[in-house]
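Quick note, the sequences are listed as chains A, B and C, same order. Just so you know, the first sequence maps onto residues 1 to 187 in the numbering used here. Just so you know, the second sequence maps onto residues 188 to 423 in the numbering used here. Just so you know, the third sequence maps onto residues 424 to 1032 in the numbering used here. For every residue, glycine included, the Cβ atom is placed at its ideal position computed from N, Cα and C. Report on the following structure.
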Amino acid sequence: MAEQTASNKPVVATISLAGCFGCHMSLLDIDDRIVQFIDLFELNKSPVNDIKKFTKRAHVGLVEGGCCNDENVKVLRYFRENCDVLVSVGACAGNGGLPALRNKMPLQECLVEAYLDAPTAELGKAIIPYDEELPKLLDRVYPCHEVVKIDYYMPGCPPSAEVFWDTLTSVIKGQGFDLPVELIKYD
Amino acid sequence: MPKITFKIDGKQCTAEDGQNLVEAAADNHVYIPTLCHMKGEKCLGTCRVCMVKVNGKDMAGCTLSVSEGMEVTFDTPELNDKRKALIEMLFVERNHFCPSCEKSGRCDLQALAYRFKMHIPRFRYRYPFFEVYSKVDKLMLEHNRCILCQRCVEFIRDPDTNRKIFSMRNRTNKSMIQVDYRLANKMSEEQIDKAVAICPVGAIIKKGQGFDEAYGQRKYDQHPIGYEVDGGTNSK
Amino acid sequence: MVRMKNQIQSIAEKYSNDRTRLMDIFWDIQDLHGYIPHKALRVLEESLDISTADLRETLSFYHFFHESPSGKFNIYLNKDVASQLKGHEAIYAAFETECNCKFGSVCMDGTFGLFETPCIGLSDQEPAALINLVPFTNLTPQKVKDIVAALRAGKELAALVEQYGYGDGANQQIKTMVCSNIRQLGPVFGEKISTGEGLAQSLKSTPEQVIEEVKTAGLRGRGGAGFGTGMKWSFCRAAKGSTKYVVCNADEGEPGTFKDRIVMTEYPEQLFEGMAIAGYAIGAQQGILYLRAEYKYMQDYLEGKLKDLRAKNILGQNVLGKSGFNFDIRIQFGAGAYVCGEESALIESMEGKRGTPRVKPPFPVEVGYLGCPTVINNVETLAALPYILKNGGSWYKGFGTEKTPGTKLLSVSGDCEKPGVYEIEFGMTVREFLAMVGAKDAYAVQVSGPSGECINAQQSLDRKLCHEDLSAGGSMIIFNKDRDLLKYMRYFMTFFVEESCGICVPCRAGNIVMRNNLDKIRAGHANQEDLDNIFAWGQIVADTSRCGLGATSRNPIVSSFKNFPDLYKKLLDEKTNPLYDASFNLEASVEDFDRALKEQNQIGRNVHA
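Listed below in structure tokens is the structure:
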């Protein structure tokens, strides 16, 4: 196989929003295919290589986690603008996942319970953390597709390494992807 | 019992006259998916996932009795999409968080969603609020996962009085299953196990018994739903 | 407690401890206590031999039953479209102010309970409310103030109603605010007929001949579905079973319909006589009038009419001297559920259960009330029978069109000069209809209620009201140009969401997803795909639902889009970056967080000051 130069390999970017990085772990779980991965793809913005800003447009963006705060939304939009194809990865990106368990109660109740009425909170002194640097929480956790247009979804918590591999290799060929039944799992 | 012949998607099938279509299909190795129907029990007709076409008309398969010469259309892109849509409606209607559910891996709703290759529901999640009911000594009702199939309502009765233990309350999307507190506390271990087992989702949970089967070894980890009927031949 | 136990036991005994009479038992208990206490359920559990969970199934299904203490005066304000068109908002606010509580609750001292309810069959005299099921019509904020003040001062509810109603005041027996508003009678209901004439004529023939006569007349069900009445009867007559029932479906709940109300108050003799004719034809001895709770105020009046008919031997043993033909009628009340208009749901309700449509087949003509063959006919269908049997089937067939013979009662409301009831011959054009009711500026007409069609009035002037063209079930709501049509379509979707019995998935969950998409469109956040989705999803709901409610629930959106596409298209969002979802608003979604900080946090307050 001819050696591909960095410039003409498909560019992949990844991000974790309100997720647990479990999906990223699963991506790295592709075992020795990691070598193939490096051959096939160029990794741009991603926590794996710590590139903070897109240095070029990506063909595929993988988004783990839903949106629980305003920073998530901004990053997700940044990804949407810089990726040709955006893939929602895992349960959290798809339905909010475990963070979305808070969706059934008002945010204020949730904050009061966590910071003010918590057993460890010091009476009279506890506050809801706030700083200009801290992102603001959204009223609920939003799945990514309620914020931006999503092209494909990878189910699973996390999606298995096989799912990542299947998805990446077929999406990059410009095909839609058709996961075999046995790879579709939600847990 | 006289035998009759009928067709499902052109496939010649035989059955007893008047047999329930879902069951007759199963006897002929065709798996018509359903979330409410149980073999040998009365038809509930609540989930509508078993939709088929007979004489060009959409019908719930579980409500039909087979007759000589009947021609059933079952496996078409249009009908499969309807089934998938119904499953997706159930996913968004309440809070189905599979990763934290005791029933995951042996849940009929989840397994059917796999079978129909649902990656994400086409509808918006609603995130309604339902409190878990845990007053009964040995079981819990996790309303967030209930699909209101009514199996527990119809098929679990107090053995002494034949009164309903589970029932439905309210109407419309506010419907919820409820239990008769005193009768529920009288339930035997076996009866509780039965209630948990016939619940197609994780809405009826036995206390003290949660994630008791390892990932990879649960019912639908082994084989997709319907495998025992069609041997995996028409699961796509 | 012992006293209550005895009371409840004797109520149950009054109905022979029969669980199928649970609706009546609940009504009696509620009349006594204002609600149905948990303790009463514990007594009924033993009397009726069913669990409290089972009792609650029925109890919690119907919106007129209360599980917790209600007000001394329970005010049910109609929130339907006809009311909205006549100033519902001001009345709503007036009740909240005067009663000093919010809708959906009971005021502090327990005097007033405020509740909302869909159409109460008074669309021609809105805004209207039921106070302890007594109708108060043509409300204004001032009237609300006076009514509430009088009740608070201890005045009797009945004393607040001074006018004589029915027959537009002509009936001096009945004090009620309800006017009949009959604007036009046609060749059938306009004919003077003496009570018993049609039945006497029927009894001279064999039951089979009676069925033939009705087939000749071409009479079709007047509830909306339009099934051949004679055909239905012949199925029931042929069905096996010695006990059969005739049920009159008086659960008219389709928003905008009130024609059955007029039949029951102006033509009760014909209605009951029609039931006897049906009973003779199919071989039934018992008739049941399933009357919606919204019409409970008619109870005494109708019971009186039944008594008169028994005295005239039109009901009773050996009816009109026909040896061996015994027939009597009882009234069964519902308790607030639109879906009970579906005939199998109606039977379930009559049997004291949740009003959930049954799995079909079998159909009621074979397995109906208490498992017996049952014919269920609409009020208007039954009331037309004495005329048909007296004058002959071919006389009736001479009216209307070839395929839809006969006449139809229309309930007309909304933006027109003369709301009320009209008897028309089938085949009338929309043009003639609009001129008849004085709708000079009609923009849209909701024909046959939300499950029917929203037509573009000006483009449909030559369409005909009949089954082969524009099926007219009775409800006609007229909208002017200045009305926000989609607001009302949205209400209709909400109506279906709230009235779905909830047993099948598509209707329970699917109506909501359609409504949510309509909301997205109305908010200006939808794109073409969202619009297309509504129709695709609506098709799925229609095809997979268990009964007619789910089969027609998409109609408000589908028909209004078909006839007014621009109303939708102009709302589509073309400005937002197509890569974003326009309905997500970042600023709005952090408001809760800012508020939480302000309200809970000293630091937050400083930062945001």
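Interface annotation for the segment 129–140 of chain A against chain C: Y130, K136, L137, L138 and D139, criterion Cβ-Cβ distance under 7 angstroms.
Taking 8 angstroms as the Cβ-Cβ cut-off, the segment 908–928 of chain C approaches chain B at V920, E921, E922, S923, C924, G925, I926, C927 and V928, given in chain order. Pairing C795 of chain C with G664 of chain C gives a Cβ-Cβ distance under 9 angstroms. Taken in chain order, the whole beta strand (DSSP E) runs of length 3 or more contained in the segment 549–624 of chain C are 552–554, 557–559 and 605–607. When rounded, the separation of the alpha-carbon atoms in D268 of chain B and S968 of chain C is 15 angstroms. Burial is judged here by how many other beta carbons sit within 10 angstroms of a residue's own beta carbon; P784 of chain C has fewer than 16 and is exposed.
Residue burial annotation: R270 of chain B is buried, with at least 16 other C-beta atoms found within 10 angstroms of its C-beta. Apart from the 5 residues on each side of it in sequence, C927 of chain C sits with its Cβ closer than 7 angstroms to the Cβ of S968, R969 and G973 in its chain, given in chain order. Contacts between Y142 of chain A and chain C, judged by CB atoms closer than 8 angstroms, involve F1007 and S1012 in chain order. In this structure the segment 87–97 of chain A touches the segment 157–177 of chain A; the number of beta carbon pairs closer than 8 angstroms is three or more. Note that the C-beta distance between G896 of chain C and T804 of chain C is not below 9 angstroms.
Note: E64 of chain A is bridge-paired with A:S16 and A:V89 in the DSSP secondary-structure output. When only Cα atoms are considered, L183 of chain A and A298 of chain B end up about 12 angstroms apart.
Separation of E774 of chain C and L445 of chain C (C-alpha to C-alpha, rounded to the nearest whole angstrom) is 7 angstroms. Among the residues facing chain B, G97 of chain A is included, as its CB has a counterpart in that chain under 9 angstroms away. Only buried fits T599 of chain C, as 16 or more other CB atoms lie within 10 angstroms of its CB. F987 of chain C has its alpha-carbon roughly 37 angstroms from the corresponding atom of C671 of chain C. Put simply, the backbone Cα of G651 of chain C is about 27 angstroms away from that of M257 of chain B. D955 of chain C sits in a helix when the DSSP states are folded into three classes. Nearest neighbour of R938 of chain C by Cα position, chosen from C:G641, C:S1006, C:E620 and C:F915, turns out to be C:F915. Y438 of chain C has a beta carbon lying at 9 angstroms or more from every beta carbon in chain A. For A865 of chain C, no alpha helix (DSSP H) segment is defined; the enclosing uninterrupted segment is the beta strand (DSSP E) at A865 to V870.
For N103 of chain A, the nearest CB of chain B lies under 9 angstroms from its own CB, placing it at the interface with that chain. In the DSSP assignment, F538 of chain C falls within the unbroken beta strand (DSSP E) covering F535 to T540. Within the segment 941–974 of chain C, N956, W960, I963, D966, T967, S968 and R969 place their CB atoms closer than 8 angstroms to a CB of chain B, listed in sequence order. Residues of the segment 208–239 of chain B with a C-beta atom less than 7 angstroms from some C-beta of chain A do not occur. Counting along the chain, C877 of chain C sits inside no alpha helix (DSSP H); it lies in the beta strand (DSSP E) bounded by residues E876 to N879. Where A673 of chain C is concerned, the enclosing beta strand (DSSP E) starts and stops at Y668 to A673.
When rounded, the separation of the alpha-carbon atoms in F284 of chain B and A272 of chain B is 18 angstroms. Between G823 of chain C and H511 of chain C, the alpha-carbon positions lie close to 37 angstroms from each other. The Cβ atoms of R781 of chain C and G544 of chain C lie no closer than 9 angstroms to each other. Residue B:I219 holds the alpha-carbon nearest to the alpha-carbon of R302 of chain B among B:T233, B:I219 and B:G232.
In the structure shown, Q396 of chain B falls within a coil segment according to DSSP collapsed to helix, strand and coil. Out of C:G702, C:R777 and C:M721, the CA that lies nearest to the CA of V742 of chain C is found in C:G702.
Excluding the 5 residues flanking it on each side, V163 of chain A has same chain C-beta neighbours closer than 7 angstroms at M154, G156, L179 and L183, in chain order. Residue nearest to P99 of chain A within the set A:L137, A:G124 and A:E122 is A:L137 (criterion: CA-CA distance).
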